[in-house]
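For the sequence shown, UniProt numbering gives the first residue as 1, with consecutive numbering after it.
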Amino acid sequence: MLIRKAHGGDAQRVFDIRNQAINHQCAGYYPAADLQVWTAGNLGQPFIEWLESSGHVAVIDGQVAASAILDLESGQVDAVFVDPAYMGRGIGRQMMDYVEQQALQAGLSHLILDSTLNAADFYRQCGFVGERVAQYQSPRGLTLACVPMIKHLAC
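Below is the structure:
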């Protein structure tokens, strides 16, 4: 597996992985109608630009299998998605380890994220803390329950 900086050519694949992962992992935690709104629509230019500026992808056998986005100014982690066909192989954990190393190299003291309800235990296993359920306002206008989390980094 290779983890590298994302580029515009990865955007459609990452967007597809995003939608597949949401539908696969979030079912049972969020209403089906919310999942439909969350994954509706097409790839837009803002997503492409966001991915190009701050995204990373895991590549296995020439295929993008996972993504993560890290804002090196705020320490915000977003868009951690693994293709359901590759889930259960430790790829998500490797992506988080990679993101943490990028943050440390940039001199960040912490990472923050808003976890979906289904992923909070995964992030806790990665060293994040957070228990309180809050409301996340998605760019698509959807309000979703989330768990704000933080990980303090050992610089």
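Cβ atoms here follow ideal geometry from the backbone N, Cα and C, with glycine treated the same way.
Values in this document were obtained by computation on a predicted structure and should not be read as measured data.
If you reduce the DSSP assignment to three classes, tell me which class phenylalanine 15 lands in.
helix
Residue range of the alpha helix (DSSP H) that serine 54 falls in?
45 to 54
For phenylalanine 128: DSSP bridge partner residues
DSSP output for phenylalanine 128 lists no bridge partner at all.
Beta-carbon spacing of leucine 113, tyrosine 98 below 8 Å:
no
Per the DSSP calculation, proline 148 is bridged to which residue(s)?
According to DSSP, proline 148 bridges with Asp114.
Roughly how many angstroms lie between the CA atoms of arginine 140 and leucine 104, to the nearest whole one?
31 Å
Classify alanine 32 as helix, strand or coil using the three-state DSSP reduction.
helix
Selected residue, minimal CA-CA separation from alanine 57, among Gln45, Met1 and Ala134
Looking at the sequence shown, residue 57 is not alanine but valine. Out of Gln45, Met1 and Ala134, Met1 has the C-alpha closest to the C-alpha of valine 57.
From glutamine 137 to leucine 43, what does the alpha carbon distance come to, in whole angstroms?
19 Å
Mind reading off the beta-carbon distance from valine 82 to alanine 21? Whole number of angstroms is fine, and I expect it under 8 Å.
6 Å
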